[in-house]
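Enquirer: Chains as they are written, first to last, in UniProt numbering: chain A, 1 to 429; chain B, 1 to 429.
For glycine and all other residues, C-beta sits at the position ideal for the given N, C-alpha and C.
Computed from a predicted structure; not experimentally measured.
A single structure is presented below for examination.
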């Protein structure tokens with residue numbers, strides 16, 4: 001199998017490294033031949049080290065893609081538009097695809113997968129979600145005897161690192177972010193991660209796999225982690241919870257899909273609560289299988305490259321010896337779009353934190369508003385007053401419909417004695 | 001794909017149930033046709049309910065296996081000799097195999113897999129290890145870009161339930177076993193589970209997958225859980241550990257294999273420590289991938305049946321549309337046997353508990369023997385004396401070669417002031 005590789009960054013470099021050490025073993029043990037036929041990057045500088053090692057290199061991806069001797073294109077460049085063009089052209093040229101590009105798949109999967117099906121080509125993307133965790137393969141093959149009812153996942157290492165560090169040390173969000181950047185766990189511009197966009201891409205892909213329907217990542221509810229304060233983390237800890245940014249899928253009624261990304265209070269005895277640092281985890285509740293959890297490195301050079309190589313091996317085993325038919329990706333076809341449950345229609349228990357100017361009359365006003373909106377309160381915690389002009393009141397609600405809660409919060413936020421916008425974090429059940 | 005099913009017990013019944021609900025979906029979504037062509041069980045009584053539903057049934061497995069219209073034999077009967085005969089005959093008749101029979105695979109895999117290779121047939125066994133956890137598929141495909149350096153697994157739900165309950169409640173081994181039996185988590189004759197034989201079967205299979213070599217389950221060291229006392233559990237808890245029965249694989253030097261099954265003290269902050277009850281878990285440390293953990297239901301009707309059905313779907317996707325070549329199972333070929341590291345050559349930290357008649361002179365004797373054997377002691381805990389004739393002394397050793405430790409323990413056990421055989425439990429790390 002002749003491979004054309006696009007991208008020589010962190011993951012691309014890792015793929016070359018693994019193939020150099022393992023290709024002989026695959027040939028000997030599995031009888032498959034993974035040949036790195038051409039390496040493509042943006043500039044001569046980037047391809048130079050590979051050229052020096054004797055690889056055929058190019059800076060012109062489209063010419064490589066047109067080469068009839070290339071069997072599979074490995075796209076590890078990142079971004080949306082160029083990868084879309086490369087991949088669709090490669091598929092039209094009957095080449096298989098291996099990619100780690102969750103952003104492109106979440107945005108253009110509805111174009112890529114039908115085209116792949118039409119051309120009887122495979123598109124493998126184990127590395128796109130959860131790095132080294134073989135979750136795509138598990139969902140497409142291992143769990144096929146069961147239906148996913150609920151999925152909750154920690155799939156952004158940057159956010160999980162920040163929240164874990166805040167929990168361990170009591171530091172602020174800003175300080176934890178700085179530390180993450182210093183340690184190479186956050187980008188210099190971390191918006192994409194901390195706003196939850198990366199998690200939304202991955203959650204959309206996983207929700208599509210769960211439901212068998214197209215889930216548009218732009219339509220799922222996303223709240224990032226930037227507004228989580230040290231106080232929220234510490235309050236959660238006192239209650240026996242950790243705050244985690246979760247990607248969530250729930251099977252709704254009549255095949256509807258409840259997919260979303262937001263911080264959650266996870267009880268300490270839940271398996272996801274002990275997943276700390278840059279580790280990723282996918283927790284599933286399935287009808288026949290029951291509960292399963294897979295954890296592992298969510299990012300990083302060799303874990304992700306190793307997932308790409310596993311896809312290449314799968315592909316070679318499928319195509320060298322006849323043709324294992326690609327999986328039909330009806331779930332990524334726009335015509336098969338999921339009916340999404342609006343976040344306003346979902347229900348949760350809520351952690352609410354109000355910042356008020358004094359602590360006397362305001363409590364009566366707040367509880368009055370909850371009562372008017374028929375929201376039951378499980379507990380109220382008034383924290384020690386350090387700054388008399390800035391009193392924190394924490395309220396835990398019973399399970400409430402989100403639309404009701406939002407109405408109540410709007411009323412509370414407009415009280416003159418409430419000095420900051422209220423904080424609202426959902427409980428994971 | 002026409003399926004012949006042998007065994008209508010818990011798992012077999014579950015497979016029929018899942019196929020009844022999902023076969024139409026597989027046909028529609030994956031374009032594969034899973035047809036339950038014949039159901040075989042030991043007696044007319046056992047097949048009667050299936051006959052009544054309109055299935056073709058038989059009590060004669062060999063005739064079913066000879067039927068040229070059957071494409072795959074699903075063996076869910078259990079035991080060693082009959083399954084061996086059915087499976088080898090089926091392979092000679094060019095039929096694929098799906099089985100959950102770890103005992104037979106551990107014992108006769110070296111016969112079954114070469115025969116399968118010769119006949120270009122698949123033998124799939126996802127359900128044999130870890131029930132609903134897709135660990136076999138992950139190791140054969142998902143982790144192929146990486147090499148396993150260490151594996152530690154909890155793969156016997158009965159033992160893990162007993163040890164978990166002892167830890168939660170302080171109850172004795174005997175009481176926890178009784179409770180497990182009452183709840184259906186232990187067999188009436190639980191020897192096979194509590195002596196670690198079931199774990200050894202599974203550990204041998206996983207170690208073979210890790211090393212690519214044949215690991216003979218009869219040659220790996222096995223210690224069960226029957227000698228773990230409430231006192232050991234409570235001492236471990238005080239030290240910040242849980243006691244778990246682990247299956248262990250370590251990559252040794254020069255390709256040697258260190259495979260074993262024994263109780264271990266697992267630190268509370270290790271992911272395996274929070275795997276309680278009948279849940280199974282496989283923890284891997286790989287060169288490229290780093291650490292991963294997979295947990296899930298290790299047994300039970302639908303989780304295990306769901307793994308069998310996943311194998312059937314894989315098989316149908318591989319064989320309906322050409323021929324995806326079966327994985328070469330060189331790792332299960334006797335000629336490719338692993339050099340096993342003898343347990344005496346391994347090193348651990350050890351938890352040791354001595355029962356002595358008095359607490360005065362004996363401590364000096366014990367520490368003297370350790371000193372003579374050049375064993376360093378990390379800490380000594382002398383428990384409150386309740387019965388003056390039966391004093392417990394707990395010693396934690398530093399990392400020590402097992403052969404040295406055994407020599408010391410033999411000398412200690414022969415002291416006249418030591419009244420019971422000493423307890424020795426290894427630390428994980």
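Measuring alpha carbon to alpha carbon, tell me which of A:265, A:98, A:55 ends up nearest residue 310 (chain A).
Expert: The residue with the shortest Cα to Cα distance from residue 310 (chain A) is A:98.
Enquirer: Could you tell me which of A:280, A:36, A:119 sits nearest to residue 57 (chain A), measuring between CA atoms?
Expert: Among A:280, A:36, A:119, the Cα nearest to that of residue 57 (chain A) belongs to A:36.
Enquirer: What's the C-alpha gap between residue 14 (chain A) and residue 288 (chain B)?
Expert: Their backbone Cα atoms lie some 9 Å apart in a straight line.
Enquirer: So, with DSSP's three-state summary, where would you put residue 428 (chain A)?
Expert: Residue state, collapsed to three classes: coil.
Enquirer: Using a Cβ-Cβ cut-off of 8 Å, state whether residue 205 (chain A) counts as contacting chain B.
Expert: No, residue 205 (chain A) does not count as interfacial toward chain B.
Enquirer: List, in order along the chain, the chain A residues whose C-beta lies closer than 9 Å to that of residue 297 (chain B)?
Expert: The answer, in chain order, is 289, 290, 291, 292.
Enquirer: Quick check: is the beta carbon of residue 5 (chain A) nearer than 8 Å to any beta carbon in chain B?
Expert: Chain B contact via Cβ: absent.
Enquirer: At the 8 Å Cβ level, is residue 325 (chain A) part of the contact set with chain B, yes or no?
Expert: At least one chain B Cβ lies under 8 Å of residue 325 (chain A).
Enquirer: For the region 147-173 of chain A, enumerate the residues whose C-beta is nearer than 9 Å to any C-beta of chain B, in chain order.
Expert: Under the 9 Å Cβ criterion, the region 147-173 of chain A contributes 147.
Enquirer: Taking 8 Å as the cut-off, does the region 151-165 of chain A touch the region 298-305 of chain A (at least 3 CB pairs, one atom from each stretch)?
Expert: These segments touch.
Enquirer: Going by the CB atoms, is the gap between residue 228 (chain A) and residue 203 (chain A) shorter than 8 Å?
Expert: Cβ distance not < 8 Å, so residue 203 (chain A) and residue 228 (chain A) don't count as in contact.
Enquirer: Is it a yes or a no for the region 347-356 of chain B touching the region 399-417 of chain B, going by three-plus beta-carbon pairs under 8 Å?
Expert: Contact between the region 347-356 of chain B and the region 399-417 of chain B is present, because at least three Cβ pairs lie under 8 Å.
Enquirer: For residue 422 (chain B), count neighbouring Cβ atoms within 10 angstroms of its own Cβ and tell me buried if that reaches 16, exposed if not.
Expert: Flag for residue 422 (chain B) reads buried.
Enquirer: Would residue 321 (chain A) count as contacting chain B if we go by Cβ distances under 8 Å?
Expert: Low confidence applies to residue 321 (chain A): its pLDDT is 45, below 50, so where it sits in the model is not reliable, and the reading given next is rough at best. It does; some Cβ of chain B falls within 8 Å.
Enquirer: Does any residue of chain A bring its CB to less than 8 Å from the CB of residue 316 (chain B)?
Expert: Judged by the 8 Å Cβ criterion, residue 316 (chain B) is not in contact with chain A.
Enquirer: In the region 174-208 of chain B, which residues sit with their C-beta less than 7 Å from some C-beta in chain A, listed in chain order?
Expert: Taking 7 Å as the Cβ-Cβ cut-off against chain A, none of the residues of the region 174-208 of chain B qualify.
Enquirer: With residue 39 (chain A) as the anchor, note down where its beta strand (DSSP E) starts and where it stops.
Expert: Counting along the chain, the beta strand (DSSP E) containing residue 39 (chain A) begins and ends at 35-40.
Enquirer: Whose C-beta lies closer than 7 Å to the C-beta of residue 370 (chain A) among residues of the same chain, with five residues either side of it excluded?
Expert: Taken in chain order, the residues that qualify are 377, 408.
Enquirer: Just list the residues that DSSP pairs residue 130 (chain B) with in beta bridges.
Expert: In DSSP, residue 130 (chain B) forms no bridge with anything.
Enquirer: So which of A:196, A:283, A:131, A:104 has the shortest CA-CA distance to residue 150 (chain A)?
Expert: Considering only alpha carbons, the answer is A:283.
Enquirer: Cβ of residue 314 (chain A) within 8 Å of Cβ of residue 141 (chain B)?
Expert: Yes. Within cutoff.
Enquirer: How would you call residue 211 (chain B), buried or exposed, if buried means at least 16 neighbouring beta carbons within 10 angstroms?
Expert: Flag for residue 211 (chain B) reads buried.
Enquirer: For residue 306 (chain A), go through chain B and note every residue whose CB falls closer than 8 Å to its CB, in chain order.
Expert: By Cβ distance, chain B contributes 143, 145, 146, 286, 288, 289.
Enquirer: Can you find a CB in chain A that lies within less than 8 Å of the CB of residue 240 (chain B)?
Expert: Judged by the 8 Å Cβ criterion, residue 240 (chain B) is not in contact with chain A.
Enquirer: So which residues of chain D does residue 310 (chain B) contact, with C-beta pairs closer than 9 Å?
Expert: Within the model displayed, chain D is absent; protein chains A and B are what it includes.
Enquirer: Are the Cβ atoms of residue 247 (chain A) and residue 206 (chain A) separated by less than 8 Å?
Expert: Yes; because the gap between Cβ atoms is below 8 Å, this pair is in contact.
Enquirer: What's the call for residue 364 (chain B), buried or exposed, on a 16-neighbour Cβ count within 10 Å?
Expert: Classification of residue 364 (chain B): exposed, given that the 10 Å Cβ count is below 16.
Enquirer: Residues in the same chain with beta-carbon distance under 8 Å from residue 43 (chain B), minus the five sequence neighbours each way, listed in chain order, please.
Expert: Closer than 8 Å at the Cβ level, and outside the excluded window around residue 43 (chain B), lie 59.
Enquirer: Just to make sure I have the definition right: I need the residues of chain A whose C-beta is within less than 7 Å of the C-beta of residue 18 (chain B). Which are they?
Expert: Near residue 18 (chain B) (Cβ distances below 7 Å), the residues of chain A are 145, 288.
Enquirer: With 16 as the cutoff for other CB atoms within 10 Å, does residue 104 (chain A) come out buried or exposed?
Expert: Buried.
Enquirer: Since residue 72 (chain B) and residue 166 (chain B) should fall inside the 8 Å C-beta cutoff, what is the C-beta to C-beta distance between them, to a whole number of angstroms?
Expert: About 42 Å; that fails the 8 Å criterion.
Enquirer: At the level of alpha carbons, what is the spacing between residue 80 (chain B) and residue 114 (chain B)?
Expert: Cα-Cα distance, rounded: 18 Å.
Enquirer: Quick check: is the beta carbon of residue 70 (chain A) nearer than 8 Å to any beta carbon in chain B?
Expert: False, the Cβ-Cβ gap to chain B never drops below 8 Å.
Enquirer: Taking only beta-carbon atoms, is residue 211 (chain B) less than 8 Å away from chain A?
Expert: No, no contact with chain A.
Enquirer: Mind pulling the chain A residues with CB within less than 7 Å of residue 133 (chain B)?
Expert: The answer, in chain order, is 292.
Enquirer: Classify residue 235 (chain B) as buried or exposed, calling it buried when 16 or more other Cβ atoms lie within 10 Å of its own Cβ.
Expert: Counting Cβ neighbours within 10 Å, residue 235 (chain B) comes out buried, since at least 16 surround it.
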